[in-house]
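Engineer: Before we start, here is the structure in question, set down as structure tokens.
Residue numbers (the working numbering), protein chains in the order written: chain A, 1 to 310; chain B, 1001 to 1207.
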């Protein structure tokens, strides 16, 4: 099934087929290859097994798989961009994964990853990802719209926000052994941002399960916000009445706001947000308001002072 | 001594050669311009520390010849600082002077870096033997005391760029602080202060 949306990228831009790893191909390649592919040990069959490609009309080149999996900000594994790719596959073995869903909802619970995702149909969406550090990529994510998952837990009228937590396990995540950030990593969205059709709960990218350095096995993708809001390796989701704590906002409140919408008109205190370096390109690009998703999300912020609510 | 200085220059240019080679062969990762600029800055700071370490090493070992390397390392550090600045303004920002000017005023870490660089210029210029002669030892020494301001500014410039995980600038800061302290101790111990390099006679070493 092919679904066209305004935010999409061209089908011709999506990663060539030889990078796709369907489940049959993985099993055929044997156990040795499984380790080489760095699939989570003990997780059983690949989570990404058949998905609908929501092809798009955006005219931008997808970032090569090798680049998107080698240049990551995931301080749980170190503060260098090369640390997550070097360390996470060796030390992070997600195993059977459970997510706690609680807070202001009628059906809270602890739910296994398969049970969380599989009632929904997986889709592939190619989104821009804009880091607050002024570099960006284009990545074909695979997942389910977060809104569809959240409504199964029946949030009450008190649920004004959704809060997220990353795993805290210094044994697997050596970066957490020092207080570079106040662990565990936390993020949050307003309820309308969380249920917006663009917001994706992702389990894969480039046709396969998420690699450890990309936030395996479960992460958020909120393409119109700076990348740090797309929290990785999620273990808990909570519906809250009050604005949740977000790690970067706790660390440097004058630099990282709750909303952190991509906005070329609002600079980071220490650098400009007007342009960005698209990984792989020599010339810098002009940053787009809401990372180019203004048509879809600007209405969420109507009447808001975007400089004050940065 | 001339040979030692030539070797020092050769060694000093090795990191640059590696950075350029890595840059053109894809060895600088997926964001090579940023890595190149940062690498040049790292080496400018390291050679600055090396320059500061010369006198303490001479104090500890009594190897007089080491002092001759101070100017060499200082000039190498300045070379890297120039290239670091060129890489940022040219490669990264493509000489967009409007944006660069705004950055200079608004981004405090850039202001700090620029001030440190501007202060380095008279130090680099007065490394030339003829100018040392014109200045005289006392004035040369006074001018080069600026390094006590420049070194902390450089560490501050580095510190202000980090988002989290301050271990590296902290380490550099401690190194710089210790080296500067050792030189200050020498001053209080009334040892002869580190003077300018000897003005060469026509037949003596260049360098």
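We treat Cβ as the ideally placed atom computed from N, Cα and C, and that holds for glycine. Owing to the predicted nature of the structure, the values given are computational and were not obtained by experimental measurement.
Answer with buried or exposed for residue 1002 (chain B), where buried requires no fewer than 16 other C-beta atoms within 10 angstroms of its C-beta.
Structural biologist: Its Cβ having fewer than 16 others within 10 Å, residue 1002 (chain B) is exposed.
Engineer: Quick check on the DSSP output: what are the complete alpha helix (DSSP H) runs of length 4 or more inside the segment 246–298 of chain A, in order along the chain?
Structural biologist: DSSP runs (the alpha helix (DSSP H)) wholly in the segment 246–298 of chain A: 247–251, 294–297.
Engineer: May I ask you to report which of helix, strand or coil DSSP gives residue 22 (chain A)?
Structural biologist: Residue placement at residue 22 (chain A) is poorly supported in this model, since its pLDDT is 38, which falls under 50; the coordinates are not used for a value here.
Engineer: Give me the chain B residues within the contact set of residue 83 (chain A), using Cβ-Cβ distance strictly less than 9 Å, ordered along the chain.
Structural biologist: Ordered by position in chain B, no residue passes the 9 Å Cβ test against residue 83 (chain A), which lies about 10 Å from the chain.
Engineer: By the three-class DSSP mapping on this structure, what secondary structure does residue 101 (chain A) have?
Structural biologist: Three-state DSSP puts residue 101 (chain A) in a strand.
Engineer: Near residue 85 (chain A), what residues of its chain come up, given a Cβ to Cβ distance below 7 Å and the 5 sequence neighbours on each side ignored?
Structural biologist: Excluding sequence neighbours, residue 85 (chain A) sits near 69, 70, 72, 213.
Engineer: So that I know if they touch, is there some Cβ in chain A lying closer than 8 Å to that of residue 1109 (chain B)?
Structural biologist: Output row for residue 1109 (chain B): interface = yes.
Engineer: Give the straight-line distance between the Cα atoms of residue 218 (chain A) and residue 1166 (chain B), rounded to the nearest whole angstrom.
Structural biologist: Residue 218 (chain A) and residue 1166 (chain B): Cα-Cα distance of roughly 29 Å.
Engineer: Kindly list, in the order they appear in chain B, the residues whose Cβ is closer than 7 Å to that of residue 230 (chain A).
Structural biologist: Simply none; closest approach about 16 Å.
Engineer: Should residue 1177 (chain B) go down as buried or exposed, given a rule of 16 or more other Cβ atoms within 10 Å for buried?
Structural biologist: The residue is exposed, with fewer than 16 neighbouring Cβ atoms inside 10 Å.
Engineer: Establish whether the CB of residue 1025 (chain B) and some CB of chain A are separated by less than 8 Å.
Structural biologist: Closer than 8 Å: no.
Engineer: With residue 272 (chain A) and residue 1103 (chain B) assumed to form a contact (beta carbons below 8 Å), what rounded beta-carbon distance in angstroms separates them?
Structural biologist: Contact holds; Cβ gap of about 7 Å.
Engineer: Is it true that the CB of residue 1122 (chain B) sits closer than 8 Å to the CB of residue 1153 (chain B)?
Structural biologist: No, Cβ-Cβ distance for residue 1153 (chain B) and residue 1122 (chain B) is not below 8 Å.
Engineer: Compare the C-alpha of residue 166 (chain A) against each of A:157, A:123, A:94, A:194 and name the closest.
Structural biologist: Measuring from the Cα of residue 166 (chain A), the nearest candidate turns out to be A:94.
Engineer: Among B:1006, B:1005, B:1041, whose alpha-carbon lies nearest the alpha-carbon of residue 1172 (chain B)?
Structural biologist: The shortest Cα separation from residue 1172 (chain B) among B:1006, B:1005, B:1041 belongs to B:1041.
Engineer: What do you reckon, are the CB atoms on residue 156 (chain A) and residue 104 (chain A) nearer than 8 Å?
Structural biologist: Cβ atoms of residue 156 (chain A) and residue 104 (chain A): closer than 8 Å.
Engineer: On the DSSP letters alone, give me the boundaries of the alpha helix (DSSP H) that residue 1147 (chain B) sits inside.
Structural biologist: Counting along the chain, the alpha helix (DSSP H) containing residue 1147 (chain B) begins and ends at 1147–1159.
Engineer: Please list the partners that residue 79 (chain A) has in chain B, where partner means a Cβ-to-Cβ separation under 7 Å.
Structural biologist: Those within 7 Å of residue 79 (chain A) in chain B are 1164, 1165.
Engineer: Only counting the same chain, and skipping five residues up and downstream in sequence, which positions put a Cβ closer than 6 Å to that of residue 177 (chain A)?
Structural biologist: Cβ neighbours of residue 177 (chain A) beyond the five flanking positions: 170.
Engineer: Quick check on residue 1128 (chain B) - is its C-beta less than 8 Å from some C-beta in chain A?
Structural biologist: Chain A contact via Cβ: absent.
Engineer: Give the straight-line distance between the Cα atoms of residue 267 (chain A) and residue 300 (chain A), rounded to the nearest whole angstrom.
Structural biologist: Taking the straight line from one Cα to the other gives about 21 Å.
Engineer: I believe residue 309 (chain A) touches residue 256 (chain A) by the beta-carbon criterion, under 8 Å. Please report the beta-carbon distance rounded to the nearest angstrom.
Structural biologist: Between residue 256 (chain A) and residue 309 (chain A) the Cβ distance is about 13 Å, and since that is not below 8 Å, they are no contact.
Engineer: Roughly how many angstroms lie between the CA atoms of residue 1183 (chain B) and residue 1151 (chain B), to the nearest whole one?
Structural biologist: Cα to Cα, the separation comes out at about 13 Å.
Engineer: Can a CB atom of chain B be found closer than 8 Å to the CB of residue 251 (chain A)?
Structural biologist: True, the Cβ-Cβ gap to chain B drops below 8 Å.
Engineer: Classify residue 1086 (chain B) as buried or exposed, calling it buried when 16 or more other Cβ atoms lie within 10 Å of its own Cβ.
Structural biologist: Residue 1086 (chain B) should be labelled exposed.
Engineer: Quick check on residue 106 (chain A): does DSSP put it in helix, strand or coil?
Structural biologist: DSSP places residue 106 (chain A) in coil when its eight states are reduced to three.
Engineer: Any beta carbon of chain B sitting closer than 8 Å to that of residue 277 (chain A)?
Structural biologist: Residue 277 (chain A) counts as touching chain B.
Engineer: Are the segment 145–155 of chain A and the segment 109–121 of chain A in contact at 8 Å, needing three or more beta carbon pairs?
Structural biologist: With a cut-off of 8 Å, the segment 109–121 of chain A and the segment 145–155 of chain A count as touching, because enough Cβ pairs lie within range.
Engineer: Distance check for residue 1089 (chain B) and residue 1076 (chain B), CA to CA, integer angstroms please.
Structural biologist: Computed Cα separation, rounded: 20 Å.
Engineer: Inspect the beta-carbon positions of residue 162 (chain A) and residue 234 (chain A) and report whether they are closer than 8 Å.
Structural biologist: Not in contact: residue 162 (chain A) and residue 234 (chain A) (Cβ atoms no closer than 8 Å).
Engineer: Could you check whether the Cβ of residue 1099 (chain B) sits closer than 8 Å to any Cβ belonging to chain A?
Structural biologist: Interface residue, yes.
Engineer: Could you tell me whether the Cβ of residue 1125 (chain B) comes closer than 8 Å to any Cβ of chain A?
Structural biologist: Answer no: the Cβ-Cβ gap between residue 1125 (chain B) and chain A never drops below 8 Å.
Engineer: Identify whether residue 134 (chain A) lies in helix, strand or coil by the three-state DSSP scheme.
Structural biologist: DSSP places residue 134 (chain A) in coil when its eight states are reduced to three.
Engineer: Taking Cβ positions only, does residue 141 (chain A) come closer than 8 Å to chain B?
Structural biologist: By this cut-off, residue 141 (chain A) is not an interface position.
Engineer: According to the neighbour-count rule (16 or more other Cβ atoms, all chains shown, within 10 Å of its Cβ), is residue 172 (chain A) buried or exposed?
Structural biologist: Residue 172 (chain A) is buried by the Cβ-count criterion.
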